[in-house]
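Before any comments, here is the structure.
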Amino acid sequence: MAAMAAELVSVVGKRCIIVLDAYFAVGPVFLILKQILDDSGNHLLHIVTRAKSNVVGYQDPPAKTGRPGRPRKYGLKLNLMDLFETMAESFEQTTIEIYGQHEEVSFLCLDLIWGSQLKKRSVLFLFVTAQSASY
């Protein structure tokens, strides 16, 4: 799927967003998609997907301590599903229209490091809770 999207974007040559199921939210897909760049080095293909329930993200690593040894590659490990409870007070509220109905939703945006295959790439995570579910 990612290879097909990459080929399409290469032909079109314009920025695109691809929406995929959680099945595709794995490192190899992101490695394929991050290689699609325009002449200026900007990414042409962006992905929107639902993360799997067991996914973890990492905060930025702490600053170098000046002590001997390799500096840390990752910061604090965060289980993404736990953030719906532990950071509930940080969520912002808004009203959106879904299928002609107005619904109150809460959301939180976080830049986290995701997966070793992405080579410490920061990914924007959007956490959304609606009356019916959390995404």
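With the numbering used here, letter number 86 in the sequence shown gets 77, and the count goes up by one each step, no holes.
Virtual Cβ for every residue (Gly too), placed ideally from N, Cα, C.
Computed from a prediction, not measured in an experiment: that's the story for all the values here.
Point to revise | Through-space distance from I38 to D12, alpha-carbon basis | key: 10 Å
Among the residues of its own chain, which have a CB less than 6 Å from the CB of V10, if the five just before and after it don't count?
V39
Count the other C-beta atoms from every protein chain shown that fall within 10 angstroms of the C-beta of A(-4), then say buried if there are 16 or more, exposed otherwise.
buried
- Look at the alpha carbon of E80 and the alpha carbon of L99, and state the distance between them as a whole number of angstroms. 10 Å
### Task
Please classify D102: does DSSP put it in a helix, a strand, or coil?
strand
Less than 8 Å between the beta carbons of G32 and D51, yes or no? no
Q) For Y49, which of A121, R63 and V0 has the nearest alpha-carbon? A) R63
Neighbour-count burial assignment, A(-7), 16 or more Cβ in a 10 Å radius:
buried
**OP:** Please go through the same chain and pick out, in chain order, the residues whose beta-carbon is closer than 8 Å to the beta-carbon of F82, but skip the five residues on each side of it.
**Re:** S97, F98, L99, F118 and T120
| request: Could you please give the first and the last residue of the uninterrupted beta strand (DSSP E) stretch that includes T56? | output: Looking at the DSSP string, T56 is not in any beta strand (DSSP E), and its letter there is neither H nor E.
- Query: Is there a Cβ from chain D that is less than 8 Å from the Cβ of P59?
  - Reply: The chain inventory of the structure shown lacks chain D, comprising one protein chain alone.
Exercise for the section: On the DSSP bridge assignment, give the partners of L69 in chain order. Expected result: G48
inquiry  = Taking the alpha carbon of A42 as the reference point, which residue from T56, D30, Q84 and D73 has its own alpha carbon closest?
reply    = D73
(message) At the level of alpha carbons, what is the spacing between E95 and F75?
(response) 16 Å
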